[in-house]
Every structure is written in structure tokens, then in C-alpha cells.
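Chains as they are written, first to last, in my numbering: chain Z, 1 to 317; chain B, 1001 to 1317; chain V, 2001 to 2317; chain E, 3001 to 3317. Glycine included, each C-beta is placed from N, C-alpha and C at the ideal position. For reference, the structure discussed in these notes is given below.
There are 4 protein chains.
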Amino acid sequence: MSTATEKVLRRRLIQRPAESGLRQTLYDVIFEADSPLGRGFDIGLLVAIIASIVLVSLETVPEYGLQRDPNSEVPVSSLAIWFWVLEWFLTILFTIEYVLRLYCVRHPLKYAFSFWGIVDLLSILPNYLAIFVQYSAKSFVILRSVRLLRVFRVLKLWRMMSQADELADAVWKSREKIIVFLAVVLVAVTISGTLMYQIETVLMGQYHDSDFTSIPQSMYWAIVTMTTVGYGDVVPHTTIGKIISAALILLGYSLIIVPTGFVSAELTSKIAGAAEHHPCPQCGLPNHRSGAVHCDRCGHRLDEAILPEPAPEATPT
Amino acid sequence: MSTATEKVLRRRLIQRPAESGLRQTLYDVIFEADSPLGRGFDIGLLVAIIASIVLVSLETVPEYGLQRDPNSEVPVSSLAIWFWVLEWFLTILFTIEYVLRLYCVRHPLKYAFSFWGIVDLLSILPNYLAIFVQYSAKSFVILRSVRLLRVFRVLKLWRMMSQADELADAVWKSREKIIVFLAVVLVAVTISGTLMYQIETVLMGQYHDSDFTSIPQSMYWAIVTMTTVGYGDVVPHTTIGKIISAALILLGYSLIIVPTGFVSAELTSKIAGAAEHHPCPQCGLPNHRSGAVHCDRCGHRLDEAILPEPAPEATPT
Amino acid sequence: MSTATEKVLRRRLIQRPAESGLRQTLYDVIFEADSPLGRGFDIGLLVAIIASIVLVSLETVPEYGLQRDPNSEVPVSSLAIWFWVLEWFLTILFTIEYVLRLYCVRHPLKYAFSFWGIVDLLSILPNYLAIFVQYSAKSFVILRSVRLLRVFRVLKLWRMMSQADELADAVWKSREKIIVFLAVVLVAVTISGTLMYQIETVLMGQYHDSDFTSIPQSMYWAIVTMTTVGYGDVVPHTTIGKIISAALILLGYSLIIVPTGFVSAELTSKIAGAAEHHPCPQCGLPNHRSGAVHCDRCGHRLDEAILPEPAPEATPT
Amino acid sequence: MSTATEKVLRRRLIQRPAESGLRQTLYDVIFEADSPLGRGFDIGLLVAIIASIVLVSLETVPEYGLQRDPNSEVPVSSLAIWFWVLEWFLTILFTIEYVLRLYCVRHPLKYAFSFWGIVDLLSILPNYLAIFVQYSAKSFVILRSVRLLRVFRVLKLWRMMSQADELADAVWKSREKIIVFLAVVLVAVTISGTLMYQIETVLMGQYHDSDFTSIPQSMYWAIVTMTTVGYGDVVPHTTIGKIISAALILLGYSLIIVPTGFVSAELTSKIAGAAEHHPCPQCGLPNHRSGAVHCDRCGHRLDEAILPEPAPEATPT
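Below, the structure written as C-alpha cells:
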């Protein structure tokens, strides 16, 4: 993972302008998060992205009447005008940012065709396209959702927090177990889904209504049930189906708690191993409890405190 | 956190009457919980507050017919009369308590305009206002809910239980992880909510009914699903929506178990650190790591072993 | 807890017949589980109790037509006759058992009026009463449910399994934390329930239908939601209600995972503490990994194995 | 468990042809997974089995119109023809595999009547039978579901992943606790199910509709609720039923988190025991407890510290 980070860093440095000046300063502010200005830019960008996502989300609420009519660009209600103004404000902001990014990198074309370059373009394009082309409001939403991906751009903010790494690390270390677990879950889901389909639909379907209309539907039920989500849109209606699904629930519950235990255990050992405070100055034993005064192996004082010695035989005369 | 407690203590002492006498005794009983009388007062207050909350709650049950008619203060049914009597009894009790609090503090005005002073006043005011002003029964309920906040006043009872601190501490230590986790959850919720909206409404909306009427609705679905609550008021209706939501459920489930693991791990290391092995024979410090040779407070050897030195190469001649 | 067990034991010994003979042998078989015969009796009793519970349960299923008609004692369908026969067989078995218990204890009256004596009587009485008295089938079910309590009688079987104690111990040790946790949950439930009632019914009730008909109903919703059960019979219908309930779900979820962590941590430290294998014969260090050959403090061999020394410098000449 | 594996290995070796040649090579490829070819065969088989399961599953979706008409073997829609072709392709593949298995084992009859032999036969038989016999499409599905069992045949692939063993081991070690836990759950389910039936149906059934139509139905509700699945198809309708079910939910939740803790704790102690500190400089044993001074296999000092002996009173003169 650290080599992956290095690769990203090296790829970035290729884009950093060699000569110091406005372009290099701009590059550091826009692409890096080490300086206060760079961090401020990132936070501002995060706020703008979140605002734009909130706008896109709220426009889809039918009762607000913000769904753009495909035949007229300017919306009618006063609330809709505010939304329209705000959105164009953000679009222009993102456009300026995009142009600045193109300006300050060493190889603009390379950036424009990189993953983030395309995402940046796609997040502003739909609004401009809407002026020229008359397309349905629905497909409009799909295009603008690309904007969501930009949230990840600011994820570098998280790198400042050491905790994110630790979390990612714990998940990463458990990856093999997670794969095994997913395989077990899928087999369990297939078997219990098929079983419930047989019982509810094939055997009892002529006597009762059945929600288990097909095996994929039953597998959907099995996943919804085993994860204890339990929507209730697919439920057994026969007595035998209820008994078997109750047994499957208990089994599935036992199965699904295992990965919880794994992640928890992984984190426990990590936290225990990270308790490296107070290395002993004499013998170098690394782990001591917080509050320890003496090394618990060699008895040497951990800190050269000016306090008197605690007990008589510890101060030999 | 301990400095915060100290600050609270100091602020309190400012209010404690200097001269001993009735006022100081009253102050100690009402504001402190150290003496048996003070603890008794707190428990009595807790019971009264809970009773008053139960009354306010039950009055809202429509089938009991206790909703006060805005045009007549005195209710009609015999059950309602009992409620009315009990509530006035509690209101008068809280009024006496409020007057006594004003009486025994050093600076009554300072108390009256403090947070708890305002809460205390607001919890009795609605009942008195109801005599003079004729307002709707609905808004009446809102005002009286302020009473709920008074429960926190008696939370000082919990300070007696050392466990509450430990619990709060474990949550507090995990705060950064919780923030990171919430950020991850919100990004996951936004992306999966938008994805389901696209699939269920934009792509398949013309063929099926869709519960995913807007992106905020879809994000509500994502939160309800990821936390495994699963009401079932918003569910996918298309086959492709079911497949994708099943995948999202498994992903979301994997994601949401991580904080469980963190809190669990934090608590494990806390409890493990408090394990009682190897009490020091000299200073009596109870907790040492397994494997510790010297007491980590006074440096004394933990066991008076008569054994020779561990290994030959460790005793240089 | 061990003193409680002792008390139970002493109380039992009071009932044990002093003189050896048939009565004492019977007592040991019926009341104790130490001998093979006593254990066999307990297992047989467990099977009979479970069978009788299954019978009582299945009789309430309307489609089997086993609900006894209050006007005729003997049921009609052939399935019902089987049930009727089986139930009288079990009733007579329990009657014999009850009489034997009365016969073999030292003070029959003391037993007859003890808790288990009354439960034993109540579990057979309804069937006999049904012959003489004509009462409704419904109240019949209530009386016969007392039989359920008898399951606990055989719980002494569990004492054979050392694991049950450990489990009970882990729960017992966490009891203070559980009380604090329940208090926090109840406060959270009251506050979030009232909040949702205000928003959904008081504020928005005139525009939408509301499931939050009263504060107790809202508190029921809060408990069902926070424990992630999520029936879906009470759900928010307004946009603002959905946003707030989504926030409350995330908060509640964070709150409710804490006790999971506590129990998990308690058990972890318990299991870690129970890993006391391989005490060192030289320095007495108690905990070594399974598979350890040398004490990891003094280097002494843990077992006097006849294997040659692993490495040359460990065998000084 | 390792002896069980050995037993399986020995049973297999009985079937391995003694003389090297085509049969032995085929045997190693088909039955073993040690060689690259054998592993490739297993992965290919896994893909074929998954494909065949997906086919069987999708055929049950009513909207695809793939349910075979019992009166005509060849389906009509072009999609159905593709399914028909693919399925026969897989059936012929499995037939070849079955014949090869019969050919290369030492005792073909012994294999044919072994568990896996019968499963292999049953997974291809339904398709051939369908040509001669005209039976209902429904029962057809049941027979073909046997195919699912074949997934387990390829589970030997998992043996390559060491993680699966560890997971199985953790579950296995907790088996006694799981049995105790299941017993507790079943008693809790029976008692709370009966209680809710009494309250909702027997006591309040004449005033409200009740979902708790019988005790088994109530026990189904109890399991669905305690595991926090919460479908919502059975919910309390009376106020008293809601209060009691809320209390039962909290109790049940507390109960059901215990096994999570157990598995988690078991895994924690396992992982903690495997932590990689202090590799031995002499024999290279990687895992030592923090605080270990000597390697616990060869007794060598773990660190070549040049420090004086820990504390004065520990060096007797």
C-alpha cells in the first residue's frame, strides 16, 4: 500500500511545473494539501462539491417541482430560480477550477485524459450541454451524477487523519477472510434460497400465495434476511416455510457474526500492539502501560523525574 | 474531561452560600449528591420527573381521550381527572423546587438565566400559561416536552457509577474513528442512493412502480438498509434493482461492522490493561502485565523468586 | 453466585430423606443429576416437557382445528384424537412424577408449597379441571402455559456444561454497564420518540398521514429502530421526518453497538486470562503459549522432554 | 479434525490406481488439487457448476418465460433456446466428467454408490429423464437442485486458503457455547412467544386484529425479532403488546449479542497468540509474547542487550 502511495506521488510530481512561479504555486494549492492554503482550497472544494450534490439530490424530489421541463431551460417557481442560480454559480466555479488545473499542470493533455480529468470535465459538461441540446430530464440526472465521483477527489483530506489508514489497514488485513466469508455466504444464500423456493412455491404454491416467485427472488430474500435487514417484502406464508426460515435465520445469524468478530479481533490486536509508550531507556523494552514509572523488566526508571524515590530499598545508600 | 468536571465544580462552588445555615444545607441537599439526604432528593426528583414524562406521554394517546380541549381547561372523563390532578401535583412540586433553588443559591439571577434555570422554568411554565391563555393542544405538547431535558439534570446520579465514565471514555477515545466512519458512511450512502435511484426510477421507472421517488428518499433507503434496520417502506421492485441492492447490502454490512470492532477493541485493550495479575509485594500496585518482572511504579521485583538467574549467557562472568 | 448455589444445595439436603432406602434412592434419581440414572430421568423429563410444550403450541394453530370446543371435551378430527391421547398420556406421566416427588421428599407439604411444587401442580391441574369445569378454550391456554416454566426445572442439566457458567459470568460481570446502558437507551428513546412525534404529528400531521399517533407509539418506534429490528409498521412519511430519523438511526446504531463491545471485551479478557498453560517449573511464570518449549522469562525447559537440545549454544559445555 | 482429514486422505488413496499411467494421471487431475492441472480442472469445474446453478435459478424467473412446458421438451422463445443449448452443453460436460471419474478410480462401483458418486449422478440424471418421462416442471426443479450440492465438491479448493481453517476452527471451538446459546434462545423464544400470544390474541383478541394467530406463529415472531431481522409481517397492535414487545426486544437484543462476543473473543485470543513480535535471533521462531526475554522454543535470549542486570536485588552476590 505504501508503494502504491509512492507511485501516486511520483505520478503527481511528473505533473508539477519545474520552474517556481505562479504556475507552481497554483499547482501546490490545487493539487497538494500540505500548505495551509492548499488545505483551505481542499476544504472549500469539498464544501462546493457537497453543495452541488445536495442541489442535484433535492432537484429530484417531485414535490419541490424542480425537475426541469425538457422544453424550457429556465424553471418557473421562485424556489426553482434560486436552485438554478446556485447551480450555475457552482458550475462556473467548477469551470474556473478545471481551467486552472489545465493551466498549472506540466502536461495539460495528459491531465485532461486522466481519470480525474475526465471526471472533472463530466461534472461540468451536463449543465453546458443543457443549453444547446434538449434532452429528457431523466437522462440529465444520470450524467450529472458523475459529479458524485468528485467527492473522492477530496478524500486526500482524510490522509491528514492517521485513523483512516488504520481503518483501511484493518479491513485490508482481513481481506482473505472476507473473501472466504463471502464465498460461504453465497453458498448459504444459494442453498437456503433454493430450499425456500421449493417449499413455498413448488410444494405449497397451490395452497398459499407465495412471495418466493423464483430462485433469484429467494436468494434476494436470503441476503436480506441473513444480514438481518429484513424488509418484509418477501416473507414465508406457510407454517413449514416459517419453521424452516426461522431455523435458517438462526443459522444465518450465527454465520454472519463471524466477520464482525474477525474485524474486531484484528483491530484489538492492532490497538494492543500500538500501545508503544514509554520505551525503557536502559533495556529498550518498548511497551509500558501509561502511568508506568519503572520498566517492568529491568526496574530502571522510565523518566528522569525529580521526585524522591518511592520506596526505601529502591534508594540504596 | 477531568478539567471540564473541575470547571463545573468551581462554577458550582461560586453559587454555594458562604455562611453555614439553612441556605447552605438546602444548597447541599438540592445541588449536591454527596450526602444521603442529597442523594435521596435526587432519586425523588428523578422519580417525579419520570412520572411527569409518563403523564405527558400518555396524554398523547388518542384512545385515552386525554388530549385537552383547547376551549375548556378541566377535562371530562374520570381517568382524565386523575391525570389532571397528578399533573398539577407534580407542577406544584416542581414550582416549590424551583423557588427553593432560587432561594438557596448565592446569586439567584445568575441561576435563573443559566441553562438549567431556564429549563427548570420552562418545565413548569406551560401548565400555568394554560390557565390564562387558550392555545391549541398541539403546541401545548411541544412546550411541555422541554420537561424531558430535566432528566439530564439528574444524570449526576450516574457519576456515582464509575462505569458510566468508562463507557463515555471508550466512546470518546474512538471519536476520530467515528468521524472517519461517518464520512465513509455518508459517501457510501450518497453513491448507493443515487445508483438505486438511477436504476429503479430513471431506467426502470416506466415499467415498474418505484419506491425510490427521489435521491434523498434513496439515501434514506440506503441508511435504513446499511444499518440493517430495514423498514421495508422503500424496497426495490425490479430484478436488477434487487441484485444491486443485495450486493450493496453485503457491502454496507461489511462497512458498518467496522465501528463495532473499533469500540469493542478499544474496550478490550482497556479491560485487558486493568487485569489484576502480579500485585506488587512492596507498594501494592495491583495491575501488571503478564510477564512483568519489576513493579512499574516502585521498581521492586514482583516475585521473591529464589531461582538462579534466567540463562547462562545473561550472567557475564 | 457460588454462595447462592450452596444455599440451594443446603435447602435441598434438608429435603433429602435421612435413612437410605427406596425413598432416598428415588430422591436422588428425581432431584439430583449426579448419577447416570438421575441424568437419564432428567433427560426423559426434558423430552416429555418439550413434547407437552409442542402439543400446547400446535393446539393453538387454527388450521389444525385442535382448539377444544368449550361445550364438548372430546375433540372430533382424527388428528385431534391423537393430540388428545398424547396429552393425557403426558398429563398422567406428570401426575405420577408429582406424586413420586411428594412421596420421596422429607417434608411433602414444604415441597407442595414451594415454587417448583406449585409449578408442578399447575402444569397438570388444567387438564383435570377441564373434565369437571366448562370454561372457555382461551383461558384454558393461559393456565396451561404455566407448563412452560417447567423447562427451567431441567436447567440443572446445563450445570453439567461448564460453558453455561462462563456465559452467565460474563453477563453478570457486565451488569452495571448494562444498567447504565439501559438508562442511556431509555433517555435516548424518550427524546427521539418525542422529537419524532412533534415533527411527524404535531408539525406535519395536517399535511400527511402520521404513524406516530402518540408519544408511547413513537417510543415503540424508537426502540424497534435503535435495535435495528425495523418492523416498518411505524415509519416517517415526511421528508424532514425521514432526514431526522436517518440521523437518529445512525446515532442510535452507534449507541447500541457499545454493549456488544463490552460483552465482547469482557469475554476476551476472560479467555485470555484462562490461557494458563505450561507454568514454568523453575520461575513459576504461569502463562505460556501452547507449543512453548522454554520459559520465556528464565529460559528453563517447560517439560522434561527427552529430545536433544535445539541449538548448540544452548548446551554449554 | 486433522485425523478426520487423514481419514479422508486414506479413503482416497484406496481409490487411486496403483500402476502409473493414463488412469493414475487422470485420477490426480480429477480428484486432487495439488498439481497445476488438477487445480485448473477444479476451477473449471467450479465455473461450470456455478454456470449451471445460474441457469437453473434464472429458469424459475416467470417473466423470462423459461419454465419448460411439461408437454413439449423444446422451449419456444429465442432466449429459452440459448438456455436450452447451454444447459445441454453443461449436462454433456458433467456426463463426460462422471464417466471419467468412473473410469479412473480403482473400484468404480464403490465410487458410484459413495455420497459424491450419487450426487454426481443425480446432477445429470434429471435432464436425461426429461427426454423419456413427461413430468411436471415443478418437480423437475426439485430434482435438479441436487446439483447445488456439487458446489461442496469444489470446496477442497478452499483448503488452499489457510484462512478457511482458522475460521472453521474459531466456530468449532465455540461449539459448546453455541449449543448453550441456542438452548437459551429457544427457551426465550418459547416464553416470549407464548406471552405475546396470550396478550395479543387471548386477552386483547376481541378488541383488535391480532397477527399472533397461534403460539408457533408467535415463536416465529420471536425469532424474527430477537435476531433483529424484523420483517414486520407479525407486529403487535395493542398498546400493552407494544410495551411488552419493546421490553422483549431489548432483552432479546442483550441476549443475542453474547455469541457475537464469544466468537470475537475466541478470534482475538487466536490472533493475539499469533502476533509477530520478537523473532528469535537463534532459531528464528517468529512469535513471542511482548515482555518475553527468552525464546520459548530454544531458550536463547531474544535480544543481545549489553545492559547490566535489571535491578540490584536481582543480582545476588
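Anything in the segment 1225-1244 of chain B with a Cβ closer than 9 Å to a Cβ of chain E? List those residues in chain order, please.
Answer in chain order: T1228, V1229, G1230, Y1231, G1232 and T1239.
Step through the CB atoms of chain V and report whether any lies within less than 7 Å of the CB of E/S3214.
Numbered from its first residue, the fourth sequence carries residue 3214 of chain E at position 214. For E/S3214, a Cβ of chain V is located within less than 7 Å of the residue's own Cβ.
Roughly how many angstroms lie between the CA atoms of Z/E63 and B/W1116, to the nearest whole one?
Walking along the first sequence from the start, residue 63 of chain Z turns up at place 63. Walking along the second sequence from the start, residue 1116 of chain B turns up at place 116. Distance between the alpha carbons of Z/E63 and B/W1116: 41 Å.
Any chain Z beta carbon closer than 7 Å to B/A1246
Start at 1 with the first residue of the second sequence, and residue 1246 of chain B comes out as number 246. B/A1246 counts as touching chain Z.
Look at Z/I53 and Z/R101 and say whether their C-beta atoms are less than 7 Å apart.
As a working note, residue 53 of chain Z is residue 53 in the first sequence. As a working note, residue 101 of chain Z is residue 101 in the first sequence. The Cβ-Cβ distance between Z/I53 and Z/R101 does not fall below 7 Å.
Could you tell me whether the Cβ of E/Y3253 comes closer than 7 Å to any Cβ of chain V?
Locating residue 3253 of chain E in the fourth sequence gives position 253, counting from the first residue. The Cβ of E/Y3253 sits closer than 7 Å to at least one Cβ of chain V.
Going by CA-CA distance only, name the one from Z/T91, Z/L58, Z/A112 and Z/L186 that's closest to Z/L79.
Residue mapping note: residue 79 of chain Z aligns to position 79 of the first sequence, counting from 1. Taking only the C-alpha atoms, the option nearest Z/L79 is Z/L58.
Using a Cβ-Cβ cutoff of less than 6 Å, which residues in the same chain neighbour E/G3241 once the five nearest sequence positions on both sides are dropped?
Along the fourth sequence, read from residue 1 onward, the residue named residue 3241 of chain E stands at position 241. The answer, listed in chain order, is I3199 and E3200.
Residues of the segment 2108-2135 of chain V in Cβ contact with chain E at a cutoff of 8 Å, in chain order, please.
Here the close residues number zero.
Determine the direct distance from the alpha carbon of B/Q1206 to that of V/A2051, and round the result to whole angstroms.
Residue numbering aside, residue 2051 of chain V sits at position 51 when the third sequence is read from its first letter. Residue numbering aside, residue 1206 of chain B sits at position 206 when the second sequence is read from its first letter. Those two C-alpha atoms are separated by around 54 Å.
Limits of the unbroken alpha helix (DSSP H) element including B/R1023:
Along the second sequence, one-based indexing puts residue 1023 of chain B at 23. Residue range L1022 to F1031 is occupied by the alpha helix (DSSP H) that includes B/R1023.
Report yes or no: do three or more beta-carbon pairs, one from the segment 187-194 of chain Z and one from the segment 1208-1219 of chain B, lie closer than 8 Å?
No contact exists between the segment 187-194 of chain Z and the segment 1208-1219 of chain B.
Is it the case that the Cβ atoms of E/M3219 and E/G3252 are separated by a distance below 7 Å?
Position 219 of the fourth sequence, counted from the first residue, corresponds to residue 3219 of chain E. Position 252 of the fourth sequence, counted from the first residue, corresponds to residue 3252 of chain E. In this structure, E/G3252 does not lie closer than 7 Å to E/M3219 by Cβ.
Does any CB atom of chain E fall closer than 7 Å to the CB of V/T2060?
Within the third sequence, the letter at position 60 stands for residue 2060 of chain V. Chain E contact via Cβ: present.
Neighbourhood of V/D2209 by C-beta, 7 Å cutoff - its chain only, sequence neighbours within 5 removed:
As a first step, residue 2209 of chain V must be located in the third sequence, where it is residue number 209. Around V/D2209: H2237.
With respect to the alpha helix (DSSP H) encompassing E/S3052, which residues constitute its N-terminal and C-terminal limits?
Translated into the one-based positions of the fourth sequence, residue 3052 of chain E becomes position 52. Segment P3036 to E3059, the alpha helix (DSSP H) holding E/S3052.
Once DSSP output is grouped into helix, strand and coil, what is the label at B/P1062?
As a working note, residue 1062 of chain B is residue 62 in the second sequence. When secondary structure is reduced to three states using DSSP, B/P1062 falls in the helix class.
I'd like to know if V/I2256 contacts chain B, where contact means its C-beta is closer than 7 Å to some C-beta of that chain.
Working through the third sequence from its first residue, we reach residue 2256 of chain V at position 256. Judged by the 7 Å Cβ criterion, V/I2256 is not in contact with chain B.
Burial state of B/S1245 (16 or more Cβ within 10 Å):
Position 245 of the second sequence, counted from the first residue, corresponds to residue 1245 of chain B. The residue is buried, with at least 16 neighbouring Cβ atoms inside 10 Å.
Suppose the cutoff is 7 Å on Cβ atoms and the five residues either side in sequence are ignored; what does the same chain contact list for B/Y1098 look like?
As a working note, residue 1098 of chain B is residue 98 in the second sequence. Here the set comprises D1120, L1121 and I1124.
Integer Cβ distance of Z/I179 from B/L1250, believed to fall under 8 Å:
In the first sequence, the residue the question calls residue 179 of chain Z occupies position 179. In the second sequence, the residue the question calls residue 1250 of chain B occupies position 250. Between B/L1250 and Z/I179 the Cβ distance is about 12 Å, and since that is not below 8 Å, they are no contact.
Cα-Cα separation between E/A3018 and Z/R175, rounded to whole angstroms
As a working mapping, residue 3018 of chain E is identified with position 18 in the fourth sequence. As a working mapping, residue 175 of chain Z is identified with position 175 in the first sequence. Taking the straight line joining both Cα atoms gives about 41 Å.
What first and last residue would you give for the alpha helix (DSSP H) that runs through V/M2219?
Within the third sequence, the letter at position 219 stands for residue 2219 of chain V. For V/M2219, the enclosing alpha helix (DSSP H) starts and ends at I2215 to M2226.
Listed by chain order, chain V residues near E/I3249 by CB distance under 9 Å:
In the fourth sequence, the residue the question calls residue 3249 of chain E occupies position 249. Going along chain V in sequence order, the residues near E/I3249 (Cβ under 9 Å) are I2223, V2224, T2227 and V2229.
If you measure between the beta carbons of V/C2104 and V/Y2197, is that distance less than 7 Å?
Looking up residue 2104 of chain V in the third sequence gives position 104. Looking up residue 2197 of chain V in the third sequence gives position 197. For V/C2104 and V/Y2197, no; Cβs fall outside 7 Å.
Along the alpha helix (DSSP H) that carries B/I1096, what are the first and last residues, could you check?
Residue numbering aside, residue 1096 of chain B sits at position 96 when the second sequence is read from its first letter. S1078 to C1104 is the extent of the alpha helix (DSSP H) around B/I1096.
For E/F3115, name the three-state secondary structure that DSSP assigns.
Counting from 1 along the fourth sequence, the entry for residue 3115 of chain E is found at position 115. Taken through DSSP and simplified to helix, strand or coil, E/F3115 comes out as helix.
Return the chain-ordered list of same chain residues with a C-beta closer than 6 Å to the C-beta of Z/E32, the five sequence neighbours on each side being excluded.
Residue mapping note: residue 32 of chain Z aligns to position 32 of the first sequence, counting from 1. The residues are G38.
With a 10 Å radius around its C-beta and 16 neighbouring C-beta atoms as the bar for buried, classify B/I1014 as buried or exposed.
One-based indexing of the second sequence puts residue 1014 of chain B at position 14. Residue burial is scored here from C-beta neighbours: B/I1014 has fewer than 16 other C-beta atoms within 10 angstroms and is therefore classed as exposed.
Is the distance from the Cβ of V/G2040 to the Cβ of E/G3232 below 7 Å?
Within the third sequence, the letter at position 40 stands for residue 2040 of chain V. Within the fourth sequence, the letter at position 232 stands for residue 3232 of chain E. No, these two residues do not count as a Cβ contact at 7 Å.
Using beta-carbon positions only, say whether B/V1229 and V/T2228 come within less than 7 Å of one another.
Along the second sequence, one-based indexing puts residue 1229 of chain B at 229. Along the third sequence, one-based indexing puts residue 2228 of chain V at 228. For the pair B/V1229 and V/T2228, the CB atoms are nearer than the 7 Å cut-off.
Which of helix, strand or coil does DSSP assign to E/R3342?
Nothing about residue 3342 of chain E can be read from this structure; chain E reaches only from 3001 to 3317.
Does E/S3052 come within less than 7 Å of chain Z when only Cβ atoms are used?
Within the fourth sequence, numbered from 1, the residue matching residue 3052 of chain E stands at position 52. At a cut-off of 7 Å between C-beta atoms, E/S3052 does not count as an interface residue with respect to chain Z.
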